[in-house]
Amino acid sequence: NAAEFLDDLKKIRPDVVAGITLAAYLLPSAIADASLAGLPPEAGLYACLFGGLVFWVFCSSRHTAIAATSAISLLVGTSIGDLSGGDPARHVAFSMGTAVLVGVLGMAAWAARAGMVVNFVSETVLIGFKCGIAFVLASTQIPKLFGFPGGHGGFWTRLAEIVAHLHETHPVSLLLGVIALVVLVLGKIFLPGRPVALVVVGLGIAATSFFDLQAQGVRVLGTVPQGLPPLALPALTLTDLDTLLPVAMACFLLGAVESAAIGRMFALKHGYRFDPNRELLALGAANLLAGLGRGFPISGGMSQSLVNESAGARTPVSGFIAALILLTITVAFSGLLRDLPQPVLAAIVLAAVTGLISPAALVRLWRFSRAEFAIAAVAFAGVLGQGILRGVLVGVVLSLLLLLRRASQPNIAELGRVKDTDHFASIVADQERTRVPGVIVARIDGGLLYFNAEHARDRFLELIAERGARGERVTLAILFLGTVPAVDLAGADMLIELQHALAAQGIELRFAGPHGRVRDALTRAGLDAASVHAFRTIPDALPRE
Numbered sequence: 005n006a007a008e009f010l011d012d013l014k015k016i017r018p019d020v021v022a023g024i025t026l027a028a029y030l031l032p033s034a035i036a037d038a039s040l041a042g043l044p045p046e047a048g049l050y051a052c053l054f055g056g057l058v059f060w061v062f063c064s065s066r067h068t069a070i071a072a073t074s075a076i077s078l079l080v081g082t083s084i085g086d087l088s089g090g091d092p093a094r095h096v097a098f099s100m101g102t103a104v105l106v107g108v109l110g111m112a113a114w115a116a117r118a119g120m121v122v123n124f125v126s127e128t129v130l131i132g133f134k135c136g137i138a139f140v141l142a143s144t145q146i147p148k149l150f151g152f153p154g155g156h157g158g159f160w161t162r163l164a165e166i167v168a169h170l171h172e173t174h175p176v177s178l179l180l181g182v183i184a185l186v187v188l189v190l191g192k193i194f195l196p197g198r199p200v201a202l203v204v205v206g207l208g209i210a211a212t213s214f215f216d217l218q219a220q221g222v223r224v225l226g227t228v229p230q231g232l233p234p235l236a237l238p239a240l241t242l243t244d245l246d247t248l249l250p251v252a253m254a255c256f257l258l259g260a261v262e263s264a265a266i267g268r269m270f271a272l273k274h275g276y277r278f279d280p281n282r283e284l285l286a287l288g289a290a291n292l293l294a295g296l297g298r299g300f301p302i303s304g305g306m307s308q309s310l311v312n313e314s315a316g317a318r319t320p321v322s323g324f325i326a327a328l329i330l331l332t333i334t335v336a337f338s339g340l341l342r343d344l345p346q347p348v349l350a351a352i353v354l355a356a357v358t359g360l361i362s363p364a365a366l367v368r369l370w371r372f373s374r375a376e377f378a379i380a381a382v383a384f385a386g387v388l389g390q391g392i393l394r395g396v397l398v399g400v401v402l403s404l405l406l407l408l409r410r411a412s413q414p415n416i417a418e419l420g421r422v423k424d425t426d427h428f429a430s431i432v433a434d435q436e437r438t439r440v441p442g443v444i445v446a447r448i449d450g451g452l453l454y455f456n457a458e459h460a461r462d463r464f465l466e467l468i469a470e471r472g473a474r475g476e477r478v479t480l481a482i483l484f485l486g487t488v489p490a491v492d493l494a495g496a497d498m499l500i501e502l503q504h505a506l507a508a509q510g511i512e513l514r515f516a517g518p519h520g521r522v523r524d525a526l527t528r529a530g531l532d533a534a535s536v537h538a539f540r541t542i543p544d545a546l547p548r549e
């Protein structure tokens with residue numbers, strides 16, 4: 005009935021408003037990101053509208069907006085530009101093929117329930133990687149802002165080209181670009197979440213006609229085809245697809261990590277469940293349709309999603325509304341974009357770049373750990389020195405090395421009795437913890453596996469040696485295994501060898517608190533079942549008084 009219909013309209017009204025705002029933000033950013041990918045401006049519109057039409061159906065995040073992102077666009081532009089050999093038609097086909105491959109990878113990852121794999125890329129590496137991306141992005145847009153031809157190659161080559169061509173700066177282009185950049189930055193500060201970029205686009209187009217900027221040498225966007233392309237597979241061979249696979253894998257990794265990070269952030273903030281596997285399916289479906297529709301790889305965009313949330317989005321319907329608006333513009337009004345000045349487009353990209361660099365995150369990382377800051381710095385240098393694609397691979401390797409480093413050095417803590425209780429806790433300088441005379445108690449925080457077993461053994465023996473160096477005779481060693489989630493054969497063999505080695509020194513080794521899976525593993529490895537099951541707690545393992 006009419007009352008229910010009106011009630012339904014009220015429920016989706018916030019999503020409609022958010023969708024309109026999101027579309028206003030997506031329009032200029034999609035065009036700008038298409039230029040980063042080395043593609044015509046309509047490719048950005050196709051990617052966002054086709055991806056947006058299906059992403060909302062499958063995603064579990066209520067606020068993530070699917071979009072062309074600066075990082076992936078630049079990765080596509082730098083990587084595929086070399087492969088296409090300067091042929092525009094081949095460049096478009098390669099970009100389409102990359103998006104289709106990303107879609108296939110996303111669906112395969114969803115089928116394999118591999119959603120948690122993206123967590124292996126650490127936030128530390130992403131901080132450095134995004135900073136590197138920001139510098140690379142800036143090097144591609146500064147020539148457009150200054151009105152002289154841009155260079156090619158890596159970051160340092162482009163930087164040298166910028167310095168060499170500074171004397172060719174076009175004053176009118178620079179003035180126009182700087183004004184647009186100032187307005188955009190002030191808009192981000194004082195009007196967050198508002199479609200300031202769309203206003204800047206409109207004013208830039210109006211300024212072109214009013215001041216006849218094109219006659220004064222200011223470059224404009226040019227003709228944007230009106231209408232939709234037919235959905236079709238790119239004209240590529242199996243050899244071409246094989247060549248594109250590394251680029252597609254890098255795009256998929258970036259997209260999956262970014263989308264998962266955005267989804268987790270909003271789910272935690274708004275108190276709903278986020279499913280990373282469903283997000284992989286949504287990402288795969290969106291990229292598949294974007295590739296078939298002459299677009300390029302897309303992912304969840306952080307700035308776009310923040311705009312979506314701040315505009316009041318409550319469900320993924322806002323993304324669908326935004327896609328419908330882009331569809332309408334592409335079919336009926338794309339001709340209005342012809343007079344958009346290139347310096348204004350460059351200013352939009354440069355304003356977006358500021359979101360990739362977080363001084364607060366860098367300072368926090370520096371204060372937390374110099375080692376982790378160094379890892380972020382290596383990721384940053386990898387992007388600048390080796391390019392985006394290799395920078396992604398450097399980031400993956402660094403993440404895995406960081407994970408292995410942490411896993412290979414589990415904490416081994418000596419425990420003492422908490423005053424006037426039967427509880428045991430780590431011995432720290434500022435709290436009262438009492439050592440039991442002649443007994444050393446220690447806890448292993450982490451799994452005992454083949455790559456960290458020796459470290460655990462050596463650290464435990466060091467603790468015993470430290471007690472001996474203080475003139476105390478240790479006759480009993482208690483190893484608490486309640487915080488050990490898993491033991492492999494190498495870890496079990498280490499405990500057996502440790503038991504024999506300590507027995508030779510007159511020290512009995514007892515195990516306390518292992519859970520069922522660890523107890524079963526130790527028994528299968530050859531430890532005496534009675535000793536493994538004997539002591540459930542540390543007080544149980546202490547000598548009877």
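If you're matching positions, the sequence shown starts at 5 in my numbering and goes up one per residue.
We put the CB at the ideal spot given by N, CA and C, even for glycine.
By how many angstroms is the C-alpha of residue 459 removed from the C-alpha of residue 410?
Within the sequence shown, numbered from 1, the residue matching residue 410 stands at position 406. Within the sequence shown, numbered from 1, the residue matching residue 459 stands at position 455. Computed Cα separation, rounded: 12 Å.
Given a threshold of 16 other Cβ atoms within 10 Å of its Cβ, counted over all protein chains shown, does residue 374 qualify as buried or as exposed?
The sequence position of residue 374 within the sequence shown is 370, counting from 1. Its Cβ having fewer than 16 others within 10 Å, residue 374 is exposed.
May I have the straight-line CA-CA distance separating residue 159 from residue 452, to the nearest angstrom?
Residue 159 sits at position 155 when you count from the first residue of the sequence shown. Residue 452 sits at position 448 when you count from the first residue of the sequence shown. Their Cα atoms are separated by approximately 44 Å.
Please give me, in chain order, every unbroken run of the alpha helix (DSSP H) with length at least 4 that falls completely inside the segment 294 to 357.
306 to 314, 321 to 332 and 346 to 357
Could you say which of 348, 486, 403 and 314 lies nearest to residue 66 if we only look at CA atoms?
Counting from one through the sequence shown, the residue named residue 66 turns up at place 62. Ranking the options by Cα distance to residue 66, first place goes to 314.
In chain order, what are the residue ranges of uninterrupted alpha helix (DSSP H) at least 4 long that sit wholly in the segment 453 to 490?
457 to 473
Provide the residue span of the beta strand (DSSP E) that contains residue 126, from first to last.
Mapped onto the sequence shown, residue 126 falls at position 122. That residue, residue 126, is in no beta strand (DSSP E); it is neither H nor E in DSSP.
Rounded straight-line distance, which links the Cα of residue 77 to that of residue 40
Translated into positions along the sequence shown, residue 40 becomes position 36. Translated into positions along the sequence shown, residue 77 becomes position 73. Each residue's Cα considered, the two are about 6 Å apart.
Buried or exposed, going by whether 16 or more other CB atoms sit within 10 Å of the CB of residue 234?
Position 230 of the sequence shown holds residue 234. Residue 234 is exposed by the Cβ-count criterion.
Sort 324, 267 and 281 by Cα distance to residue 275 and report the nearest one.
Start at 1 with the first residue of the sequence shown, and residue 275 comes out as number 271. Measuring from the Cα of residue 275, the nearest candidate turns out to be 267.
Using 8 Å as the Cβ pair cut-off and three pairs as the minimum, do the segment 241 to 249 and the segment 69 to 76 touch?
no
Three-state secondary structure (DSSP) at residue 447?
Numbered from its first residue, the sequence shown carries residue 447 at position 443. Of the three classes helix, strand and coil, the one that applies to residue 447 here is strand, per DSSP.
If residue 399 sits next to residue 133, beta carbons under 8 Å apart, how far is it from one beta carbon to the other, in whole angstroms?
Residue 399 sits at position 395 when you count from the first residue of the sequence shown. Residue 133 sits at position 129 when you count from the first residue of the sequence shown. Right, the Cβ-Cβ distance comes to about 5 Å (below 8 Å), so this counts as a contact.
Taking the beta carbon of residue 164 as the centre, do at least 16 other beta carbons fall within 10 Å, making it buried, or is it exposed?
Residue 164 sits at position 160 when you count from the first residue of the sequence shown. So residue 164 ends up on the exposed side.
Identity of the residues DSSP links to residue 416 by a beta bridge
Here residue 416 is taken as the residue at index 412 of the sequence shown, counted from 1. DSSP output for residue 416 lists 448 as bridge partner(s).
Exposure label - residue 190; buried when at least 16 CB within 10 Å
On the sequence shown, residue 190 is found 186 positions in, with the first residue counted as 1. Exposed, because fewer than 16 other Cβ atoms sit within 10 Å of the Cβ of residue 190.
Along the chain, where does the alpha helix (DSSP H) containing residue 369 start, and where does it finish?
As a working mapping, residue 369 is identified with position 365 in the sequence shown. Residue 369 -> alpha helix (DSSP H) spans 363 to 372.
So, do the segment 257 to 273 and the segment 83 to 93 have three or more beta carbon pairs nearer to each other than 8 Å?
No, the segment 257 to 273 is not in contact with the segment 83 to 93.
Determine the closest residue to residue 333 out of 138, 22, 35 and 147, with distance taken between C-alpha atoms.
Here residue 333 corresponds to residue number 329 of the sequence shown, with the count starting at 1. Considering only alpha carbons, the answer is 35.
Kindly identify the DSSP beta-bridge partner or partners of residue 431.
Translated into the one-based positions of the sequence shown, residue 431 becomes position 427. Looking at the DSSP assignment, residue 431 forms no beta bridge with any residue, so it has no partner.
How is residue 54 classed by DSSP in three states: helix, strand or coil?
For the purposes of this step, residue 54 is taken as residue 50 along the sequence shown, with counting starting at 1. Helix.
Residue ranges of each alpha helix (DSSP H) within the segment 142 to 191, 4 or longer
159 to 169
Are residue 288 and residue 110 closer than 7 Å when you measure CB to CB?
If you number the sequence shown from 1, residue 288 lands on position 284. If you number the sequence shown from 1, residue 110 lands on position 106. Yes. Within cutoff.
For residue 121 and residue 404, the rounded distance between their alpha carbons:
Working through the sequence shown from its first residue, we reach residue 404 at position 400. Working through the sequence shown from its first residue, we reach residue 121 at position 117. Spanning the two alpha carbons is a distance of roughly 11 Å.
Going by beta carbon distance, what residues of the same chain come within less than 6 Å of residue 286, once the five residues before and after it are set aside?
Residue 286 sits at position 282 when you count from the first residue of the sequence shown. Closer than 6 Å at the Cβ level, and outside the excluded window around residue 286, lie 59, 62 and 63.
Contact set for residue 493: own chain, Cβ-Cβ below 7 Å, skip 5 residues either direction
Counted from its first residue, the sequence shown places residue 493 at position 489. Result list for residue 493: 529, in chain order.
What does the Cβ neighbour count give for residue 474, buried or exposed, with the cut at 16 atoms within 10 Å?
One-based indexing of the sequence shown puts residue 474 at position 470. Per the 10 Å Cβ criterion, exposed.
To the nearest angstrom, how far is the alpha carbon of residue 108 from that of residue 302?
Translated into the one-based positions of the sequence shown, residue 108 becomes position 104. Translated into the one-based positions of the sequence shown, residue 302 becomes position 298. Whole-angstrom Cα-Cα distance: 13 Å.
Whole-Å CB distance - residue 55 paired with residue 330, under 8 Å assumed:
Numbered from 1 along the sequence shown, position 51 holds the residue referred to as residue 55. Numbered from 1 along the sequence shown, position 326 holds the residue referred to as residue 330. Not a contact, Cβ separation roughly 10 Å.
How long is the line joining the alpha carbons of residue 413 and residue 255, rounded to whole angstroms?
On the sequence shown, position 409 is the one that residue 413 refers to. On the sequence shown, position 251 is the one that residue 255 refers to. So the two alpha carbons sit approximately 32 Å from each other.
So, helix, strand or coil for residue 118, using DSSP?
Position 114 of the sequence shown, counted from the first residue, corresponds to residue 118. In this structure, residue 118 counts as coil in the three-state DSSP scheme.
Which residues DSSP lists as bridging residue 224, in chain order
Residue numbering aside, residue 224 sits at position 220 when the sequence shown is read from its first letter. In the DSSP output, where bridge partners are listed per residue, residue 224 has 345.
Strand pairing of residue 515, partner residues [DSSP]
The sequence position of residue 515 within the sequence shown is 511, counting from 1. 483, per the DSSP bridge assignment.
How about residue 52 and residue 26: do their beta carbons lie closer than 7 Å?
The residue you call residue 52 lines up with position 48 of the sequence shown. The residue you call residue 26 lines up with position 22 of the sequence shown. In this structure, residue 52 lies away from residue 26, with their beta-carbon atoms at least 7 Å apart.
In chain order, each beta strand (DSSP E) run of at least 3 residues that lies wholly inside the segment 193 to 271:
none
Boundaries of the alpha helix (DSSP H) in which residue 501 is found, first to last residue:
Reading the sequence shown from its first residue, position 497 is the one you call residue 501. Residues 493 to 508.
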